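Chains as they are written, first to last, in my numbering: chain A, 16 to 167; chain B, 99 to 287.
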């Protein structure tokens, strides 16, 4: 037999250290507890922050919208108030003609509806008639704004 | 084969195991785990299978400690157990190829990456060629090159004559020489 083969067999078949898992399998070491990857935790935390931040920003904007609608009402600049969506839609049709391209921007207690009024553009602000509330509220006509917007 | 000699500490370990002392089993495991795993891996060529063989060997070792009468050295007895486990284990038709482990080991290895790659490739070829040997030749090769046992020691472990060991090794060498000859010269990197 050649020295080359002898050498390669000795190198290729050299002894190895047993893996640590053998110790676990025979009960000489506790199984390693599974740990949640820290990278995943960090990514999840970042995602939660982004989503939470976005939600908070939207909530702030929604409150602002609500305050703007209430300010208009307090200034008596409101041309029509009604908790009946049918009345409100009729008023819109009468004043602005057939609405075109109206779409709801938000529907979280205070809503704004961009409106095509003749050649101009307008925004219809919707707010509950009662005290300022956050989001939908089980008031007398809790879904009035929703019905109005979705019936446009 | 100095480790096969039953030293005083070995005798204490064996007595401790016979009394069911956990520390004695643990010390015995620490002493023999690398040898048993190495033989199992070099014989099977499969890490998962080697783990099974090593586990079986230790379970047999622990459960049959009372059967060891000291007729042969304790090391020879351990070798017999692992050889029997190897031969008893049916070869599976599939083979796991731990590519990711190999790559990670290569990346962690210091020195020239090409040298490591070629060395790893060569080891894999040698292991693959050994796996193709018949089991009786393969176990002789593993005991010879993984454990470095002499012909007489291999004969004692396998319970056969020295001539039989020499004959099996000779046939194995010829077969391995044929299968690996095309790699001659490629390992000098």
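All C-beta atoms in this analysis are idealised placements derived from N, C-alpha and C, irrespective of residue type, glycine included.
Just so we're clear, the structure is a prediction, and the values are computed from it rather than from any experiment.
Could you say which of B:134, B:178, B:108 lies nearest to residue 258 of chain B if we only look at CA atoms?
Per the Cα distances, B:178.
Pull up the CB-CB distance for residue 136 of chain B and residue 31 of chain A, whole angstroms please, since I reckon it's below 8 Å.
So it is a contact: roughly 5 Å between Cβ atoms.
As assigned by DSSP and simplified to three states, the class of residue 113 of chain B
Here residue 113 of chain B sits in helix by DSSP.
When we look at the beta-carbon of residue 70 of chain A and count the other beta-carbons within 10 Å, is it buried (16 or more) or exposed?
Burial call: exposed.
Which term fits residue 282 of chain B, buried or exposed, when burial requires 16 or more other beta carbons within 10 angstroms of its beta carbon?
It counts as exposed.
What residues in the stretch 17-33 of chain A bring their beta carbon closer than 9 Å to a beta carbon of chain B?
Hits within the stretch, in order: 17, 19, 20, 21, 22, 23, 24, 25, 26, 27, 28, 29, 30, 31, 32, 33.
Residue interval of the alpha helix (DSSP H) (run including residue 271 of chain B)
260-278 is the extent of the alpha helix (DSSP H) around residue 271 of chain B.
Test: residue 140 of chain B CB closer than 8 Å to a CB of chain A
With a threshold of 8 Å between beta carbons, residue 140 of chain B makes contact with chain A.
Are any of the Cβ atoms in chain A nearer than 8 Å to that of residue 124 of chain B?
Interface annotation, residue 124 of chain B: in contact with chain A, CB-CB separation under 8 Å.
Tell me whether residue 144 of chain B sits in a helix, a strand or coil according to DSSP, three-state version.
If DSSP states are grouped into helix, strand and coil, residue 144 of chain B belongs with coil.
Euclidean distance between Cα positions of residue 279 of chain B and residue 233 of chain B:
C-alpha separation (whole angstroms): 22 Å.
Using the beta-carbon count (16 or more within 10 Å), is residue 156 of chain B buried or exposed?
Classification for residue 156 of chain B: buried.
Closer than 7 Å by C-beta to residue 141 of chain B: which residues in its own chain qualify, once you throw out the five before and the five after it? Chain order, please.
If you ignore the 5 residues before and after residue 141 of chain B, its C-beta comes within less than 7 Å of the C-beta of 184, 236, 237, 240, all in its own chain and listed in chain order.
For chain B, is any of its Cβ atoms less than 8 Å away from the one on residue 64 of chain A?
Taking 8 Å as the CB threshold, residue 64 of chain A stays off the interface with chain B.
Using a Cβ-Cβ distance under 8 Å, would residue 158 of chain B count as near chain A?
Look at residue 158 of chain B: its C-beta is not under 8 Å from any C-beta on chain A.
Give the straight-line distance between the Cα atoms of residue 131 of chain B and residue 159 of chain B, rounded to the nearest whole angstrom.
Taking the straight line from one Cα to the other gives about 12 Å.
Could you tell me if residue 112 of chain B is buried or exposed, where buried requires 16 or more neighbouring beta carbons within 10 angstroms of its beta carbon?
Buried: at least 16 other Cβ atoms inside 10 Å.
Considering only C-alpha positions, which residue in the set B:224, B:220, B:173, B:223 is nearest to residue 252 of chain B?
That would be B:173, whose Cα lies nearest to the Cα of residue 252 of chain B.
Could you work out which residue in A:104, A:102, A:33 is closest to residue 129 of chain B when comparing CA atoms only?
Residue A:33 is the option with its Cα nearest to residue 129 of chain B.
Report, in whole angstroms, the separation of the C-beta atoms of residue 180 of chain B and residue 28 of chain A, which I expect to be a contact under 8 Å.
The Cβ separation is near 15 Å, so there is no contact.
In angstroms, rounded to a whole number, what distance separates the CA positions of residue 290 of chain B and residue 147 of chain B?
Past the edges of chain B, shown from 99 to 287, lies residue 290 of chain B, and the structure says nothing about it.
May I ask you to report which of helix, strand or coil DSSP gives residue 17 of chain A?
Coil at residue 17 of chain A, not helix or strand.
Indicate the three-state DSSP secondary structure (helix, strand or coil) for residue 27 of chain A in the structure shown.
In the structure shown, residue 27 of chain A sits in a helix (DSSP, three-state: H, G or I).
Show which residues of chain B have a CB atom less than 7 Å away from the CB atom of residue 43 of chain A.
Here the neighbours are 124, 127.
Local Cβ density within 10 Å of residue 289 of chain B, reported as buried at 16 or more and exposed below that:
A query on residue 289 of chain B cannot be resolved here, the shown segment of chain B reaching from 99 to 287 and no further.
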